[in-house]
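Going by this note's numbering, the first residue of the sequence shown is number 3, and it counts up by one from there.
Structure record follows, encoded as structure tokens.
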Amino acid sequence: MDTIKQVNEIVGAPLWGVLFPIVVYFFRFLIKKFNSVPKEKESLLLIDGLKPWMLGFGYSFSAIKAYRANNKIDYFSAVIFTAVFIVFLVSLATFVNQHALKVPSGWADLYYDNGGKREMILLSQEKAKNVYGDRKWELDVSECKKNNIELSNEFHISKELIEIICNVIGHKEYSDEISSKIEETKFFKIGLYISCFSLLFIFTYVIIDMWVSLYIRDKILKHHEKEKAKAYEYLT
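As structure tokens, then:
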């Protein structure tokens, strides 16, 4: 809900009013797709264990390869791809958590490169803070009255970063620049959410399709062998 609220603030209109019909149409499309079986695959429904939704996937499944047995390379490839997806998903979730979920509305997500070491900060018109790592800190205009060395020791951040922060927050001449950075962060978060959901959907679909195709091929092969055995028994 916080994400929806943040996006609403940017576009200036209730996002649910736009998203709801899209989501409904998307799910109706999926339900229709996975309950309708292509004509060339209708005969496969006679095989025990195969369902219409399984045949709705199977873009990697073809009749030409249907009667060959799954080999070790097939399963190994599926396992490797799934493992890579899980690693990618964990990395993506960590990145989204740091640069979107933990960034409140009205703040800019920035970093300062101090001699090759990045110091991550969140910046607003009157404050700066850190949400990364174990040590959390928050610095406002009143704190800037202290000595930079004292603040550096207290917050465990560089004197250079403190100087940059204190020279910017609370100063009208930098207000527009801070506002611009805040807007950039807002739109970056929207793009990040859209990209992540799209990638998640694509990767999930491909993985399900891969494993379902292996399952279908295995079922078809067993059914084919069973029918051959019955035919042989009948002839003898």
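Here a beta-carbon is modelled for each residue, glycine too, at the ideal position from N, C-alpha and C.
The structure presented is a predicted model; accordingly, all values stated were derived computationally and were not measured.
Do A102 and Y27 have their beta-carbon atoms positioned less than 8 Å apart in this structure?
For Y27 and A102, no; Cβs fall outside 8 Å.
Given this structure, state the Cα-to-Cα distance separating K232 from E44, to the nearest angstrom.
One C-alpha to the other measures close to 22 Å.
So W139 is in the beta strand (DSSP E); what residue range does that whole segment cover?
Residues W139 to D142.
Here's the rule: buried if 16 or more other CB atoms are within 10 angstroms of the residue's CB, otherwise exposed. What is S215?
Label assigned to S215: buried.
Check N150 in the structure and name its three-state DSSP category.
Reduced to three states, the DSSP call for N150 is helix.
Helix, strand or coil for I66, going by three-state DSSP, please let me know.
Note that I66 scores a pLDDT of 48, beneath 50, so its modelled location is shaky and nothing firm can be said.
Grab the span of the beta strand (DSSP E) containing E121 for me, first residue to last.
Start and end: K119 to L125.
Helix, strand or coil for A130 per DSSP?
Strand, per DSSP.
Ignore the nearest five residues each way along the sequence and tell me which others in Y113's own chain have a CB closer than 8 Å to its CB.
Once the five neighbours on either side are set aside, the close Cβ partners of Y113 are R120, E121, M122 and I123.
Taking a contact to mean a Cβ-Cβ separation below 8 Å, would you say K183 touches A130 in this structure?
It is not a contact, given that the beta carbons lie outside the stated cut-off.
Which two residues bound the contiguous beta strand (DSSP E) that contains Y114?
Per DSSP, Y114 belongs to the beta strand (DSSP E) from A110 to N116.
Per DSSP, what kind of secondary structure is F59 in: helix, strand or coil?
Here F59 sits in coil by DSSP.
If L163 and N116 are in contact, beta carbons under 8 Å, what's the gap, nearest whole angstrom?
Yes, L163 and N116 are in contact; Cβ-Cβ is about 6 Å, under 8 Å.
Between the alpha carbons of K161 and S181, how many angstroms are there, rounded?
C-alpha separation (whole angstroms): 24 Å.
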